[in-house]
Amino acid sequence: MLGQGTSAIPSPLYSIYAEKWHYPPVLTTIIFGAYGAVALVAILASGPLSDRFGRRPVLIIAVLLVLIGLAVFVFAASPAYLVVARMLNGLGIGAIVVVGGAALLDVHPDIAARTGTLTAIAFNLGIAIAALGTATLAQIDFHPLLIPYLADALIAFILLILIVRMREPHPSISTAPLRIPRPEVPGEIRGRFTFAVIGASAAWAVLGVCFSLEPSIASHAAHIDGPLFGGIIIAALTVTAAIAQTIGGRYPARTVALIGDTALAVLMIAGVGAFATGHAVLIAVTVALQGGAYGLAFGGSLRHLTTHIPAERRGAVMSAFYLIAYTALIVPTLLVGAGATMWSDTSVFPVFAVLAALLCLSAVVIERLLGRHDRRPGRVQPAVELDRGVTAHD
Numbered sequence: 002m003l004g005q006g007t008s009a010i011p012s013p014l015y016s017i018y019a020e021k022w023h024y025p026p027v028l029t030t031i032i033f034g035a036y037g038a039v040a041l042v043a044i045l046a047s048g049p050l051s052d053r054f055g056r057r058p059v060l061i062i063a064v065l066l067v068l069i070g071l072a073v074f075v076f077a078a079s080p081a082y083l084v085v086a087r088m089l090n091g092l093g094i095g096a097i098v099v100v101g102g103a104a105l106l107d108v109h110p111d112i113a114a115r116t117g118t119l120t121a122i123a124f125n126l127g128i129a130i131a132a133l134g135t136a137t138l139a140q141i142d143f144h145p146l147l148i149p150y151l152a153d154a155l156i157a158f159i160l161l162i163l164i165v166r167m168r169e170p171h172p173s174i175s176t177a178p179l180r181i182p183r184p185e186v187p188g189e190i191r192g193r194f195t196f197a198v199i200g201a202s203a204a205w206a207v208l209g210v211c212f213s214l215e216p217s218i219a220s221h222a223a224h225i226d227g228p229l230f231g232g233i234i235i236a237a238l239t240v241t242a243a244i245a246q247t248i249g250g251r252y253p254a255r256t257v258a259l260i261g262d263t264a265l266a267v268l269m270i271a272g273v274g275a276f277a278t279g280h281a282v283l284i285a286v287t288v289a290l291q292g293g294a295y296g297l298a299f300g301g302s303l304r305h306l307t308t309h310i311p312a313e314r315r316g317a318v319m320s321a322f323y324l325i326a327y328t329a330l331i332v333p334t335l336l337v338g339a340g341a342t343m344w345s346d347t348s349v350f351p352v353f354a355v356l357a358a359l360l361c362l363s364a365v366v367i368e369r370l371l372g373r374h375d376r377r378p379g380r381v382q383p384a385v386e387l388d389r390g391v392t393a394h395d
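First residue of the sequence shown: 2, per the numbering used here; consecutive thereafter.
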């Protein structure tokens, strides 16, 4: 919750920073993109590092990076400070997500599926609480560029003390040479990988725009001043995503992913109409529904992939998955920011929505074609279907 909450704090404040330093929308997306790029590095490297040296030292370093990043936010004197702060936080948060999850599996391997579900809920609730809290402080103009970071730093400091005092959850530390997984996809699962990564990429593209520009786009469309409405938009998307992931985990992953991809495509187009009306409630409800579809699309896609990865290739495949997913998080966000700088943000959003919808539908088409191929006469079907419900691989 701390990690994802920290990632969400600046989102409702970007409009305040932009007004304070008079920078264009594309710089907002560059700040967000810097966070995503270094978070990917942390995600790929922190797991092997914690296997080699233990969970506890890596988590200590991660929380220290979060604290240093928060300090840079507090003393920020230009947009360059925001880039540095987001990069520091990205390194810390990426490591927290991976190593914290690994530590939970070390402590309770027997309830891995339940832990994974609760972790996903915690992530989304952390985002919602941080976004709403920060936006509320900004709306009432109560030191919004100071109080949220100090509150988050207090939580991080308490967490740091607890981590220093805790017993190492991974005592069987490896002595093997440190090896970062090389992104690779075995030929036998490339079809499923393509389906999963396209659906996940579409979902993360929506998430990236929501965290960077959509709060201000929604406020402009609804003619609402202040950042509170933008915070509501972020919270609406993440809360419904948590609910959808909880419910979707009870059903077959392929079905959940297909429903999520299709629903997200439809709702992105519907969002264009909702934003065009300028009705605040309609915009918020549509974004909330998009959040539910995002939760199904990403959660179902990831679960569908993980249940088919050979155990000995899991690190390489997940490296490839997150490499593409983070690229989808960063690149569309940068393009939307560049477009909003040349034109208006409300005119660029419909173009992004249509492209995101097409990406979702392409995932559906690919999986339908794969399904037909697998049902051809002479094709050998797997003896055990692992695609139902939540598994330990999640």
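Note that beta-carbon positions come from the ideal geometry of N, C-alpha and C, so glycine has one too.
Between the alpha carbons of F158 and L106 lies a distance of about 24 Å. G232 and A136 do touch by the CB rule: their CB atoms are close to 2 Å apart, below 8 Å. The Cβ neighbour count for E185, taken over all protein chains shown within 10 Å, is under 16; the residue is labelled exposed. As summarised for the region 39 to 110, the continuous alpha helix (DSSP H) elements at least 4 residues long and confined to that stretch are 56 to 75 and 80 to 108, given in chain order.
For V267, the closest of M319, V282, A298 and Q246 by C-alpha to C-alpha distance is A298.
Per DSSP, reduced to three states, the secondary structure at E368 is helical. Residue burial annotation: W344 is exposed, with fewer than 16 other C-beta atoms found within 10 angstroms of its C-beta. Contact between G70 and L45 is absent: CB atoms are separated by about 19 Å, not below the 8 Å threshold. Here the alpha carbon of Q5 sits roughly 17 Å from the alpha carbon of L83. Its chain contains L138 as the residues whose beta carbon lies nearer than 6 Å to that of I148, once the 5 sequence neighbours on both sides are disregarded; these appear in chain order. Collapsing the DSSP output to three states places M2 in coil. In this structure, I325 keeps its C-beta atom at 8 Å or more from the C-beta atom of S213.
The alpha carbon of I244 has as its nearest neighbour, out of A123, A219 and H144, the alpha carbon of A123. Around P351, the same chain offers V273 as residues with beta carbons nearer than 6 Å, after the five sequence neighbours per side are excluded.
By the C-beta density criterion, H224 is exposed, having fewer than 16 other C-beta atoms within 10 angstroms. Close CB contacts of Y323 within its chain, under the 6 Å cut and outside five residues either way in sequence, are with I44 (chain order). Around V365, the same chain offers L259, D262 and T263 as residues with beta carbons nearer than 7 Å, after the five sequence neighbours per side are excluded. Boundaries of the alpha helix (DSSP H) around L303: A281 to T307. DSSP places W22 in the helix class (H, G or I) of the three-state scheme. With a beta-carbon spacing of about 19 Å, T239 and I331 fall beyond the 8 Å limit used to define contacts. Excluding the 5 residues flanking it on each side, L50 has same chain C-beta neighbours closer than 6 Å at V59, in chain order. Taking C-beta atoms as the reference points, A275 and T287 count as a pair closer than 8 Å. Here DSSP, grouped into helix, strand and coil, assigns G338 to helix. The beta carbon of L92 sits closer than 6 Å to those of V39, A43 and L66, all from its chain and outside the five residues before and after it, given in chain order. With respect to the 8 Å criterion, A96 and S47 are classified as neighbours on the basis of their beta carbons.
Boundaries cannot be given for R183, as no alpha helix (DSSP H) includes it and DSSP labels it neither H nor E.
Put simply, the backbone Cα of P172 is about 23 Å away from that of I94.
Nearest neighbour of V75 by Cα position, chosen from T29, D153, V318 and A354, turns out to be D153. In this structure I235 is in contact with A9, their Cβ atoms being roughly 6 Å apart against a cut-off of 8 Å. Just so you know, the alpha carbons of S220 and A271 end up roughly 17 Å apart. For W205, the enclosing alpha helix (DSSP H) covers residues R191 to S213. Note on S79: under 16 other CB atoms within 10 angstroms of its CB, so exposed under the neighbour-count rule. Under the DSSP assignment, L238 falls in the alpha helix (DSSP H) whose first and last residues are L229 to G249. The residue among A86, T7, G134 and I218 with its C-alpha nearest the C-alpha of T347 is I218.
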